[in-house]
Amino acid sequence: MVDLYRLSSPSYPMQSPQSGWLRSSWPRESASGIIYLVDPDRRCVYRGFRILWLDRVRLLFQQQDIFGIATEGNRFSTKYGTYWAYRVVLLSVSGSQEPLGNWRREWLKEYNEEAAKLAKMLGCPAHLTSAQSTLRFEMQGQNPVVSFGPYKSGLNRIKMVRLIAVAFALLLYLLVLSLVVAKRR
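According to the working numbering, the sequence shown is numbered sequentially starting from 73.
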């Protein structure tokens, strides 16, 4: 059996799970929810969750499925103001992202450190974000590409859609106006 390390609390060792149902001592702080376990020897990630009193732990990613570990940032707006929150995500070779934790407000430094540590454990690259930037993970052909850029709100897209709608309405108005003028002549 290999000791596994639970994310967000690496000092908590747990025995290596076999895929299936286990009766084990579940961490108190995540009594109902999902936890992720990292096996540094096999370089794989397990997902565990609890249903009532039964715990289920399954293999999520093996080393060949992992492209890298990244820190993702997002801007949230509330009625009290806006803030940035961050989380650690696992990037797969197939182009999917698996969040390994919850959004935490202003936790950039801690999550960058955790992402670097996880990348070292799993033997994959770490893609660390800077303050107030968002993660862009996309497939170009068969190759996954990671980049970071400034935050783009949905309002920018809405403004462009409104501009196109207003331009279309103006063209339609001019067309109808020219038809009315042509009929009067």
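Glycine included, every Cβ here is placed at the ideal spot set by N, Cα and C.
Since the model is a prediction, treat every value here as computed from it, not as a measurement.
Please work out which residues of its chain come closer than 6 Å, Cβ to Cβ, to cysteine 196, disregarding the five sequence neighbours upstream and downstream, and give them in chain order.
The residue given as residue 196 occupies position 124 in the sequence shown. Once the five neighbours on either side are set aside, the close Cβ partners of cysteine 196 are Ile138, Gly140.
Do proline 222 and serine 205 have their beta-carbon atoms positioned less than 8 Å apart in this structure?
Translated into positions along the sequence shown, residue 205 becomes position 133. Translated into positions along the sequence shown, residue 222 becomes position 150. Taking 8 Å as the Cβ cut-off, serine 205 and proline 222 qualify as a contacting pair.
Helix, strand or coil at leucine 244 according to DSSP, with G and I counted as helix
Here residue 244 corresponds to residue number 172 of the sequence shown, with the count starting at 1. The answer is helix: DSSP assigns leucine 244 an H, G or I state.
Glutamate 186, buried or exposed, once every other Cβ within 10 Å from all chains shown has been counted against 16:
Here residue 186 corresponds to residue number 114 of the sequence shown, with the count starting at 1. Classification for glutamate 186: buried.
Could you tell me if tyrosine 152 is buried or exposed, where buried requires 16 or more neighbouring beta carbons within 10 angstroms of its beta carbon?
On the sequence shown, residue 152 is found 80 positions in, with the first residue counted as 1. Exposed, since its Cβ has fewer than 16 Cβ neighbours within 10 Å.
Of the choices Val129, Glu144, Gly105, whose alpha-carbon is the least far from that of cysteine 116?
The residue given as residue 116 occupies position 44 in the sequence shown. Checking every option, the nearest Cα to that of cysteine 116 belongs to Val129.
Looking only at its own chain, which residues have a Cβ that is under 6 Å from the Cβ of glutamate 144, when we skip the five neighbours before and after it?
Along the sequence shown, one-based indexing puts residue 144 at 72. These residues qualify, in order along the chain: Arg159, Val161, Leu207.
Give me the Cβ distance between leucine 180 and alanine 203, rounded to the nearest whole Å; I'm assuming they're in contact under 8 Å.
Taking the first residue of the sequence shown as 1, we reach residue 180 at position 108. Taking the first residue of the sequence shown as 1, we reach residue 203 at position 131. Leucine 180 to alanine 203, Cβ: 6 Å. Contact.
Can you look up arginine 256 in the DSSP assignment and give me helix, strand or coil?
Residue 256 sits at position 184 when you count from the first residue of the sequence shown. Helix, per DSSP.
Member of Phe209, Lys192, Gly173, Phe148 whose CA lies at the smallest distance from the CA of valine 165
By one-based count along the sequence shown, residue 165 stands at place 93. Comparing Cα-Cα distances from valine 165 to each of Phe209, Lys192, Gly173, Phe148, the minimum goes to Phe209.
Whole alpha helix (DSSP H) runs in the segment 131-171 with 4 or more residues, listed along the chain?
none
Quick one: measure Cβ to Cβ for alanine 188 and leucine 200, integer angstroms, because I've assumed they're closer than 8 Å.
Locating residue 188 in the sequence shown gives position 116, counting from the first residue. Locating residue 200 in the sequence shown gives position 128, counting from the first residue. About 7 Å; that satisfies the 8 Å criterion.
Within this structure, are the beta carbons of leucine 178 and leucine 132 separated by less than 8 Å?
In the sequence shown, counting from the first residue as 1, residue 178 sits at position 106. In the sequence shown, counting from the first residue as 1, residue 132 sits at position 60. Correcting the residue identity first, residue 178 is glutamate in this sequence and not leucine. Taking 8 Å as the Cβ cut-off, glutamate 178 and leucine 132 do not qualify as a contacting pair.
Give the DSSP bridge partners of glycine 174, in chain order.
As a first step, residue 174 is located in the sequence shown; it is residue number 102 there, counting from the start. Looking at the sequence provided, one finds asparagine at residue 174 rather than glycine. The partner list for asparagine 174 (beta bridge, DSSP) is empty, contrary to what the question assumes.
Cα-Cα separation between lysine 264 and threonine 154, rounded to whole angstroms:
Absent from the structure is residue 264, since the part of the chain shown begins at 73 and ends at 257.
Give every residue of the same chain whose Cβ lies closer than 6 Å to the Cβ of valine 218, excluding the five residues on either side of it in the sequence, and list them in chain order.
To locate residue 218, count along the sequence shown from 1; it is residue 146. Once the five neighbours on either side are set aside, the close Cβ partners of valine 218 are His199, Phe209.
So which of Ile106, Tyr118, Arg122, Leu244 has the shortest CA-CA distance to glutamine 135?
To locate residue 135, count along the sequence shown from 1; it is residue 63. If we check each option's Cα against that of glutamine 135, Tyr118 comes out closest.
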